[in-house]
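Residue numbers (this note's numbering): 2 to 163.
Structure (structure tokens):
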């Protein structure tokens with residue numbers, strides 16, 4: 002699944018621009034993330050992120066999973082000026098926002114968790130989705146995390162520190 006660019010823009014495939022994250026706010030958010038580093042330390046609003054995901058009602062993909070997650074992150078406080086094209090390349094950007102990579106935990110997801118499916122031969126852009134507290138959501142409301150139904154996929158899983 003892709004996000005901000007059309008599939009004809011193959012020049013962007015396999016290129017990951019450095020993440021450019023700018024944090025701007027006059028009133029830091031408080032809450033369970035007050036001891037964190039990066040964006041989440043002062044500016045990440047988990048409620049805004051999950052509300053944005055909960056407002057996505059599509060039942061099928063529009064091939065814009067990374068765009069949906071980027072918009073949800075930005076609604077929560079991230080000021081992302083440049084970002085990877087392929088969903089599978091978003092790991093470093095998430096780390097720069099204060100997320101930590103953990104072992105995949107699909108049986109016990111927490112609000113704000115994000116997973117990435119790495120590119121495969123069939124899916125050259127990979128996939129990215131966030132957990133709203135109720136569902137896994139990308140550019141559509143997913144039935145589960147297992148959207149490819151392929152045994153040969155690999156995942157990266159990210160969570161905000163507590």
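Each residue gets a CB set at the ideal place from its N, CA and C atoms; glycine is no exception. Since the model is a prediction, treat every value here as computed from it, not as a measurement.
8 Å Cβ cutoff met for residue i and residue j
{"i": "residue 156", "j": "residue 85", "result": "no"}
{"i": "residue 145", "j": "residue 55", "result": "no"}
{"i": "residue 159", "j": "residue 60", "result": "no"}
{"i": "residue 120", "j": "residue 69", "result": "no"}
{"i": "residue 107", "j": "residue 74", "result": "no"}
{"i": "residue 45", "j": "residue 92", "result": "no"}
{"i": "residue 1", "j": "residue 76", "result": "Here the chain comprises residues numbered 2 to 163, so residue 1 is not present and cannot be evaluated."}
Assigned secondary structure, residue i (DSSP; H/G/I helix, E/B strand, else coil)
{"i": "residue 155", "result": "coil"}
Buried versus exposed, by CB contacts within 10 Å (16 or more), residue i
{"i": "residue 94", "result": "buried"}
{"i": "residue 114", "result": "buried"}
{"i": "residue 118", "result": "buried"}
{"i": "residue 72", "result": "buried"}
{"i": "residue 7", "result": "Confidence is the limiting factor: at residue 7 the pLDDT is only 44, short of 50, which leaves the residue's position unreliable, though a coordinate-based value still follows. So residue 7 ends up on the exposed side."}
Alpha carbon of residue i to alpha carbon of residue j, nearest angstrom
{"i": "residue 34", "j": "residue 66", "result": "In this predicted model, residue 34 has a pLDDT of only 41, less than 50, meaning its place in the structure is not dependable; the value taken from the coordinates is given anyway. Taking the straight line from one Cα to the other gives about 25 Å."}
{"i": "residue 87", "j": "residue 129", "result": "9 Å"}
{"i": "residue 143", "j": "residue 136", "result": "7 Å"}
{"i": "residue 83", "j": "residue 149", "result": "27 Å"}
{"i": "residue 80", "j": "residue 47", "result": "15 Å"}
{"i": "residue 161", "j": "residue 58", "result": "25 Å"}
{"i": "residue 96", "j": "residue 102", "result": "7 Å"}
{"i": "residue 152", "j": "residue 63", "result": "23 Å"}
{"i": "residue 40", "j": "residue 131", "result": "With a pLDDT of 47 at residue 40, under the threshold of 50, the modelled position of this residue cannot be trusted; read the value that follows with caution. Their backbone Cα atoms lie some 17 Å apart in a straight line."}
{"i": "residue 163", "j": "residue 126", "result": "30 Å"}
{"i": "residue 78", "j": "residue 109", "result": "25 Å"}
{"i": "residue 165", "j": "residue 154", "result": "There is no way to answer for residue 165, as the model of the chain reaches only from 2 to 163."}
{"i": "residue 116", "j": "residue 147", "result": "11 Å"}
heavy atom of the ligand NAP below 7 Å from residue i C-beta
{"i": "residue 108", "result": "The ligand NAP is absent from the structure shown, which contains no ligands of any kind."}
Let me know the alpha helix (DSSP H) ranges lying completely inside the stretch 78 to 109, each 4 residues or longer, listed in chain order.
92 to 97
Go through the stretch 39 to 74 residue by residue and report every complete run of the alpha helix (DSSP H) that reaches 4 residues or more, in order.
40 to 43, 47 to 55
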